[in-house]
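Residue numbers (the numbering used here), protein chains in the order written: chain A, 1 to 746; chain B, 747 to 906; chain C, 907 to 1195. Using N, Cα and C, we set each Cβ at its ideal position, and we do this for glycine too. All values reported here derive from a predicted model rather than from experimental measurement.
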Amino acid sequence: MTVQDNKWIGKRTIRPDGADKVTGRAAYAADATMTGMIWAKILRSPHAHARIRSIDTAKAEALPGVRAVMTGMDLVHFPVEKSVMLGIQDMRWMSRNVMAREKALFPGHPVAAVAATSESIAAEALKLIEVDYEVLPWVIDVEEAMKPGAPILHDFVRFEGAPSNIAGRLEHKLGDVEAGFAKADVVVERSFRTKPIHQGYIEPHACLVSVLPDGKTTIWSSSQGQFMVRAMCAYLTGIPQSDIRAIPAEIGGGFGGKTIIYLEPVAMVLSKKSGRPVKMVMTRDEVFRATGPTSGSFSTVKIGATKDGRIVAAKGTFHLQAGAFPGSPIRGAAGCAFSPYDIANVHSLGLDVVSNRSKVAAYRAPGAPLGAYGVECVLDEVAEALKMDPLQFRLKNAAKEGTKAAYGPTFPRIGYEETLRAAFEHPHYKAPLGPKRGRGVASGFWFNAGGESSAQVSITEDGNVVVVTGHPDIGGSRASTANITAELLGIDYRKVSVSIGDTSSIGFSNLTGGSRVTYASAMVVTHSTEKVIKTLCERAAKIWKIDPEAVVWQDGTARPAGENAGKFPPLTLAEIAARASETGGPIGAGTQLNTTGAEGGFGTHICDVEVDVELGIVRVLRYTAIQDAGRAIHPSYVEGQMQGGVAQGIGWALSEEYLYDKHGRVDNASFLDYRMPVCSDLPMLDTVIIEVPNPKHPQGVRGVGEVPVVPPLAAVSNAVYNALGRRFYSLPMSPPKVLAELDRAK
Amino acid sequence: MAKLQVSTTINGEPVEFLCSPGETMLDALRGPLGLTGSKEGCGSGDCGACTITLDGRLVCSCLVLAAEAEGRQIGTIEGMAKGGHLHPLQTKFLEMAALQCGICTPGVLMAARALLERNPDPTEEEVRFWLAGNLCRCTGYDKIVRAVLETAAELREAAQ
Amino acid sequence: MSDLHYLSPRTLDEAIKAFSDAGETARILAGGTDLLVQMRAGTVRPGTIIDIKKIGEMTDIEEAPDGSFVVGAAVSGAVLAEHPRFGAVWPGVLEAVNLIGSTQIQGRASAGGNLCNASPAGDSVPALVAAGATVTVAGPNGRRQLPVEAVPAGPGRTNLARGEIVVGFRFPPRPPGSSDAYLRMIPRTEMDIAVVGCGVSLTLRDGICTAARVALGAVAPTVLLVEAAGKALTGSKLDDAAVDAAAAACRAVCRPIDDKRGTIEYRTKIAGVLLKRAVRIAADRVRGA
Chain A
1 MTVQDNKWIG KRTIRPDGAD KVTGRAAYAA DATMTGMIWA KILRSPHAHA
51 RIRSIDTAKA EALPGVRAVM TGMDLVHFPV EKSVMLGIQD MRWMSRNVMA
101 REKALFPGHP VAAVAATSES IAAEALKLIE VDYEVLPWVI DVEEAMKPGA
151 PILHDFVRFE GAPSNIAGRL EHKLGDVEAG FAKADVVVER SFRTKPIHQG
201 YIEPHACLVS VLPDGKTTIW SSSQGQFMVR AMCAYLTGIP QSDIRAIPAE
251 IGGGFGGKTI IYLEPVAMVL SKKSGRPVKM VMTRDEVFRA TGPTSGSFST
301 VKIGATKDGR IVAAKGTFHL QAGAFPGSPI RGAAGCAFSP YDIANVHSLG
351 LDVVSNRSKV AAYRAPGAPL GAYGVECVLD EVAEALKMDP LQFRLKNAAK
401 EGTKAAYGPT FPRIGYEETL RAAFEHPHYK APLGPKRGRG VASGFWFNAG
451 GESSAQVSIT EDGNVVVVTG HPDIGGSRAS TANITAELLG IDYRKVSVSI
501 GDTSSIGFSN LTGGSRVTYA SAMVVTHSTE KVIKTLCERA AKIWKIDPEA
551 VVWQDGTARP AGENAGKFPP LTLAEIAARA SETGGPIGAG TQLNTTGAEG
601 GFGTHICDVE VDVELGIVRV LRYTAIQDAG RAIHPSYVEG QMQGGVAQGI
651 GWALSEEYLY DKHGRVDNAS FLDYRMPVCS DLPMLDTVII EVPNPKHPQG
701 VRGVGEVPVV PPLAAVSNAV YNALGRRFYS LPMSPPKVLA ELDRAK
Chain B
747 MAKLQVSTTI NGEPVEFLCS PGETMLDALR GPLGLTGSKE GCGSGDCGAC
797 TITLDGRLVC SCLVLAAEAE GRQIGTIEGM AKGGHLHPLQ TKFLEMAALQ
847 CGICTPGVLM AARALLERNP DPTEEEVRFW LAGNLCRCTG YDKIVRAVLE
897 TAAELREAAQ
Chain C
907 MSDLHYLSPR TLDEAIKAFS DAGETARILA GGTDLLVQMR AGTVRPGTII
957 DIKKIGEMTD IEEAPDGSFV VGAAVSGAVL AEHPRFGAVW PGVLEAVNLI
1007 GSTQIQGRAS AGGNLCNASP AGDSVPALVA AGATVTVAGP NGRRQLPVEA
1057 VPAGPGRTNL ARGEIVVGFR FPPRPPGSSD AYLRMIPRTE MDIAVVGCGV
1107 SLTLRDGICT AARVALGAVA PTVLLVEAAG KALTGSKLDD AAVDAAAAAC
1157 RAVCRPIDDK RGTIEYRTKI AGVLLKRAVR IAADRVRGA
């Protein structure tokens, strides 16, 4: 099927869930209410690092209106000696992150919680909780945390035999880098620094939880995975998974930050203790102080090339901040940094460093932007030293089918070179630039994931289709699902209704993340729809009393396969549905799969900036993002993912950063001072979708959501260099830094 | 703490509710009034997700005391569609995929409508600065701005 | 907030009485774009909130026959922008007021609130000072007028006596050949608190600057009227030497702090840059450019 033959796949259909969102009727977690509902609030550590000697909640419990109180002792105890993994999350850290046990490890770390009949009573009760802290020295910055003599967060964390804040290490090797560098004509080595960055979802975390006296639990929450919510809550509270029904509310942004839980287990314990449904909504202040941003980093990248433009060796060491507990995204940094390139000798090392700030959570291609930042900037310097065009330099070294990536796999058919060529040919690349303006390019890679997915496709008695899938829809994925179902069945798109099931109504489905929702759900929806089509043909065969093999499905109808099968007029979906009972019963099919075959995604970006050299302000004037999507099931939502990722990357490069005061507390815990791009900060964000179909997916889909945030850090940095002739090795390139660098140059 | 009784008009309909003196209009909308279309993204006037109109003026409802609604006209997202008919902006946002997660969408639509009521032919820059108080993290604003400009063009044509 | 009272008096006398009676924990509510944020953050816990938006004098804009304007203290930026004449006569003051926050904030925020909140970075204040505006203040002991620059006493503090309320601003009649401008530096294009703000008001006659007032915000605990900068410009043709001298005078008076919005070094440096640009804009406006 080519795009031109398609009626729905590849077309810009109206998302099936849109009317509720444009009218304000869509139900997000904070909109939910339940009769008898009470409110809970969290008491948070004021200290960056402290041993918790004791917590006395007696006075809080006595306050009229208070219905329950809890501390970390009310959660299941995961001893630090034994790792308990759920996916990539260790429950030892998850439980202590949700509520502190032995120590408070960052300002804002939850230490206790109260449920009361009103928010204001809950807030008053928090003030009555007495916590005895033994304040300890603290450290935040990743380099400071690695220095000898730095305050140690965890006694059990050791690195090379000694107590350390370096909690993990990941290494990829190919060939022999030292031999490679020896052969190089040009070698560039640079160090790069970035600050912690928050995902910045506009909707704070929220949940409404009801635990009945028999333990039956209902959770409404804003999350990227209702099955993750169920599983983590089961682990942390000890209530069995089968007793927990986790319902995904509409979610107001996640970007990875809602792939773990903060509130739900707390609300569960309080609901169980109080006998009432408990609602919890974070304030924006709490979101910034106490939910995972992504890592700040310190990295060193060294790349060597011969004068013909071949990269002969590449080395990168990426130190990422994990926050209070181990688990920074070194896998993404070390694994993705060099992956767009065919390099024989690679050494990529990631180090996971704990420090006294909130535990990191995933943020869109976790770790990959940090790796790509240094690599794509150094590539630019190498290209310049070789007097080669930066895109041509990348093309000369581009990974392609058969290239072995340092992180392990050999690439199948991929579309990276196509993105480079498209960038080179794009009018943006040749457009003239005025004074104080510059242009930069950068590429990026992200693994993409497959993972478990379930879908149920059912034909209604009146001949329409209901599809239930298992992944929260953050970006319009229901539209893609409807496109595929309508296309395969050959019916009008509007006859397909798509909803997201909860843990009790749909089979296990992994998180919304990893650029996998369209990929995975498209696969299981395709499988289920194909099963349904088979059933429809069988029913037609029954009606016509012919062999099912003699029936085909075409243009939304069952038809005899050929003249020999018989002269029967086609039967529509509606006609067959009307006779479902008499031909064998309801018509529907489900699929549960661990989808595989997800291949990495590649993008190449072009960025133009203008610098106000007297004030140091950098503005992005023009941006073009080019990406291989495999197959764009719904082009508008693919473009939307690209534009959203680019906007986040631009904020990361120019204006966003965590600032801390002298007590180690976040100083800018608001949208006023945590500066995300506003509408007037950005130009139109142009996109080019390349389609090199993924051979392993029935629709050719490649994940698209995460790649777009990977190139911008370097694309903007390289553009600033082009404008000013000065390179910056730390982000954000905020006005004071830019001005200081310009003054230094004078 | 005695509650205040407030008589106001919301989306053209007379409404009465009780509130504490310190409650914001956003609290009142999302609480006793059950109008949860206005969202709390920050509670401090920095994100625009709570945008309503107060006597036709765009404001952040988190920065208006509920008590101030007395005798005034409040407009919320719930009043934007008339009967079963979406406002042209709402329709265009859906057509052009100018929303992804949708949490900022009510606020953006309220702001965009106010803009087009005052200025039927805004430039891209005017649209961007008018919407600067509405944070969106999903879309990068591109499709939002395009949808507003296209709606403006269509409305101008229809008016001729 | 359990003992909070909300009052909305209809006359200034009622407001003054209520404000007096309510004592130390009373707060005046105009647009609420500072007060409600502070209440939410817990930094201010009022006992009584006195909403003055029903008082005519505080929400009116009047242009007198002599060309002077009286603008009520609670007039919102949006309403001020819609006045048919004010922005033509005082474009710098208008743009300063209109820079206080987003469209939504503009629907509520007022110059009176901005001044009385006494943030060193308040956007309207440098332009009001450069304009030579005065405030009318009313309290239990009657009314008085004072120059705008006399009002702020330090971050979050004013020189108003207990029980006094700012009622309105008076802008003097404009000699022909006059205009003003306000520029601020913020890292993004909107939404940020000014890192430095500069207001310039000047009068040109036959190419000579006959009067100039310069004020800086966010570079000291209160707004600074930079007399030396005004003097450097007065009598000149606004040539490079004069403007450079004015810029240097601006840099010389800066005594900012390092905080999450800017460093001492950066603020001082750009104060001069903003002065030069603001002078150019004001001069262009005079010449009708």
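**Request:** With a 10 Å radius around its C-beta and 16 neighbouring C-beta atoms as the bar for buried, classify A:T557 as buried or exposed.
**Result:** The C-beta of A:T557 has 16 or more other C-beta atoms within 10 Å across all chains shown, which makes the residue buried.
**Message:** Measuring only the C-alpha atoms, how far is A:K545 from A:T535?
**Reply:** For A:K545 and A:T535, the distance between alpha carbons rounds to 15 angstroms.
**Asked** The alpha helix (DSSP H) spanning B:T851 covers which residue range?
**Response** 851 to 864
**Prompt:** In or out: A:I88 buried (at least 16 other Cβ within 10 Å) or exposed?
**Reply:** exposed
**Request:** Quick one: grab the DSSP three-state call for C:M907.
**Result:** Because C:M907 sits at a pLDDT of 44, beneath the cut-off of 50, its placement in the model cannot be relied upon, and the following sentence gives the value as read from the coordinates. Coil at C:M907, not helix or strand.
**Prompt:** Out of curiosity, what's the CA-to-CA distance linking A:R726 and A:S118?
**Reply:** Their backbone Cα atoms lie some 56 angstroms apart in a straight line.
**Request:** Could you please give me the residues that DSSP links to B:Q751 through a beta bridge?
**Result:** B:L764
**Item:** is_contact[B:P868, chain A] using C-beta, thresh 9 angstroms
**Value:** no
**Asked** Using a Cβ-Cβ cut-off of 8 angstroms (strictly less than) and excluding sequence neighbours within five positions of B:R818, which residues of its own chain qualify?
**Response** T754, T755, L800, D801
**Message:** When you compare the CB positions of A:T526 and A:L488, do they come within less than 9 angstroms of one another, or not?
**Reply:** In contact: A:T526 and A:L488 (Cβ atoms closer than 9 angstroms).
**Asked** Considering only residues of the same chain and omitting the five flanking positions on each side of A:G200, which have a CB-CB separation below 6 angstroms?
**Response** Take A:G200, set aside five residues on each side of it, and the residues of its chain with a beta-carbon closer than 6 angstroms to its own are M676, in chain order.
**Asked** Taking C-alpha atoms, which residue in C:R1090, C:I1187, C:G1105 lies nearest to C:G1168?
**Response** Ranking the options by Cα distance to C:G1168, first place goes to C:R1090.
**Request:** Give the secondary structure of C:A1188 by DSSP, where H, G and I count as helix, E and B as strand, and everything else as coil.
**Result:** Reduced to three states, the DSSP call for C:A1188 is helix.
**Buried/exposed call for A:T2, threshold 16 Cβ in 10 Å** = With a pLDDT of only 47 at A:T2, under the threshold of 50, the placement of this residue in the model should not be trusted; the figure read from the coordinates follows. So A:T2 counts as exposed.
**Exposure of A:L212, with buried meaning 16 or more beta-carbon neighbours within 10 Å** = exposed
**Asked** CA-CA distance, C:L918 and C:T931?
**Response** 19 angstroms
**Item:** Where the beta strand (DSSP E) containing A:V678 begins and where it ends
**Value:** Looking at the DSSP string, A:V678 is not in any beta strand (DSSP E), and its letter there is neither H nor E.
**Asked** Going along chain B in order, which residues have a C-beta closer than 7 angstroms to the C-beta of A:Y637?
**Response** A843
**Message:** Taking beta-carbon pairs under 9 angstroms, can you tell me which members of the segment 878 to 902 of chain B lie near chain A?
**Reply:** A878, G879, N880, L881, C882, R883, C884, T885, G886, Y887, D888, K889, I890, V891, R892
**Asked** Are any of the Cβ atoms in chain C nearer than 9 angstroms to that of B:C850?
**Response** no
**Asked** For B:A795, which residues from the same chain have a beta carbon less than 8 angstroms from its beta carbon, with the 5 sequence-adjacent residues on both sides left out?
**Response** S784, K785, E786, G787, C788, I849, C850, P852, G853, N880, L881
**Asked** Does the separation of the CB atoms of A:M37 and A:P277 fall below 9 angstroms?
**Response** yes
**Item:** Residues that DSSP places opposite B:L804 in a beta bridge
**Value:** B:T799
**Request:** Step through the CB atoms of chain B and report whether any lies within less than 9 angstroms of the CB of A:L685.
**Result:** yes
**Message:** Within 10 Å of its beta-carbon, does A:F298 have 16 or more other beta-carbons around it, so buried, or fewer, so exposed?
**Reply:** buried
**Asked** Can you find at least 3 beta carbon pairs, one from the segment 623 to 631 of chain A and one from the segment 695 to 702 of chain A, that sit closer than 8 angstroms?
**Response** Between the segment 623 to 631 of chain A and the segment 695 to 702 of chain A, the count of Cβ pairs shorter than 8 angstroms is three or higher; the stretches touch.
**Item:** CA nearest to the CA of B:R883, picked from A:C679, A:L713, A:P151
**Value:** A:C679
**Item:** Simplified DSSP assignment, three categories, for B:R818
**Value:** coil
**Asked** Buried or exposed: which applies to B:M964, given that a residue is buried once 16 or more other Cβ atoms fall within 10 Å of its Cβ?
**Response** Not covered by the structure: residue 964 of chain B. The range shown for chain B is 747 to 906.
**Request:** Quick one: residues in its chain with C-beta nearer than 7 angstroms to the C-beta of C:G1155, no 5 flanking neighbours on either side, listed in chain order?
**Result:** Correcting the residue identity first, residue 1155 of chain C is Ala in this sequence and not Gly. Excluding positions up to five away in sequence, the list reads V1132, A1134, A1135, A1138.
**Asked** Can you tell me the Cα-Cα spacing of A:I690 and A:G415, whole angstroms?
**Response** 8 angstroms
**Message:** Please list, in chain order, the chain A residues whose beta carbon lies closer than 7 angstroms to that of C:E1096.
**Reply:** V678, S680
**Message:** Would A:P248 and A:D502 qualify as a contact pair, given that the criterion is a beta-carbon distance under 9 angstroms?
**Reply:** yes
**Request:** Verify the CB distance criterion: does C:H911 have a CB-CB separation below 9 angstroms to chain B?
**Result:** yes
**Message:** Given a cut-off of 9 angstroms on the beta-carbon distance, is the pair A:A460 and A:A577 in contact?
**Reply:** Note that residue 460 of chain A is Thr in the sequence shown, not Ala. The answer is yes: Cβ separation under 9 angstroms.
**Asked** Do A:V69 and A:T57 have their C-beta atoms within less than 9 angstroms of each other?
**Response** A:T57 is positioned such that its CB atom lies closer than 9 angstroms to that of A:V69.
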